[in-house]
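Just below is one structure, and these are the notes that go with it.
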Amino acid sequence: MGMLEFCKTRKLIIFVFTALVILIDEHDLYRSPEKIHHEQSNIDLHCWQKEDFEILESCKLCSEFEKEASNINNCTEASSYYDKVNCTNSGVAFRPCENLVRNEIRRYFVFMILCYGLSVLFLVMVKYRSAALDREKQLRIRKQFEMETSYSTSSEVE
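Here it is, written out as structure tokens:
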């Protein structure tokens, strides 16, 4: 098996792995709000989905007391921010609020770390391949000089 076939397989494996990492990360970041609400609480009525509402407080950070006492069902690991809304019929309710700036920063750093990691990986692969090609080139030149030397020596003998 030549070096060329090995590189193609390795690149394909790296591509598939990278695609899987990106897809898993994006799937986690862009889950539907209905799914997030359903996972967090089946008891909550989610009046903001069925009624008109007014936002009283927007993207408020959950305090440690709220997280521990579970006063607000939406203060979980997935979303530590909540909106306080006033639904027209049901009254005051809480809904999860994704802090968009924090998510954008997280996505940016994940992307940058992935890019830097892949660039280092490909740098190592290029250096390895370049060294292998240099060794092969030196062997060919050495063999060619040996053949010329042996040819010139044998022609002088005759």
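Read left to right, the sequence shown gives residues -26 to -1, 1 to 132 (mature numbering (1 follows the signal peptide of the UniProt record, and there is no 0)). Don't be surprised by glycine CBs; every beta carbon is placed ideally from N, CA and C.
Own chain partners of residue i with C-beta closer than 6 angstroms, once the 5 adjacent residues on each side are dropped
i, result
"Glu28", "Asn60"
"Ser54", "Cys36"
"Leu92", "none"
"Cys49", "Cys36, Glu40, Lys41"
"Cys71", "Cys33, Tyr55, Tyr56, Asp57"
"Val94", "none"
"His11", "The predicted model places His11 with a pLDDT of 49, which falls under 50 and marks its position as unreliable, so this point remains unresolved."
"Ile87", "none"
For residue i, the residue or residues it bridges with in DSSP
i, result
"Tyr56", "Lys34, Pro70"
"Ile79", "Paired residue(s): none; Ile79 is not in a bridge."
"Glu28", "Asn60"
"Gly91", "Bridge partners of Gly91: none, in fact."
Member of the options whose CA lies at the smallest distance from the CA of residue i
i, options, result
"Asp26", "Ile(-3), Phe(-10), Ala67", "Ala67"
"Leu30", "Val94, Arg109, Arg69, Glu120", "Arg69"
"Met81", "Arg114, Ser104, Ile(-5), Leu107", "Correcting the residue identity first, residue 81 is Arg in this sequence and not Met. Nearest of Arg114, Ser104, Ile(-5), Leu107 to Arg81, Cα basis: Ile(-5)."
"Cys89", "Leu(-15), Lys(-19), Ala(-8)", "Ala(-8)"
"Arg(-17)", "Ser104, Ile79, Phe96", "Phe96"
"Gln23", "Thr62, Tyr125, Glu38", "Thr62"
7 angstroms Cβ cutoff met for residue i and residue j
i, j, result
"Asp(-2)", "Val98", "no"
Cutoff 7 angstroms; reference residue i; Cβ partners in own chain excluding five residues on either side
i, result
"Ile17", "Caution applies to Ile17, whose pLDDT of 38 falls short of 50 and renders its modelled position unreliable; the value that the coordinates give is listed next. Cβ neighbours of Ile17 beyond the five flanking positions: none."
Residues near residue i in its chain [Cβ-Cβ closer than 8 angstroms; skip 5 each side]
i, result
"Ile115", "none"
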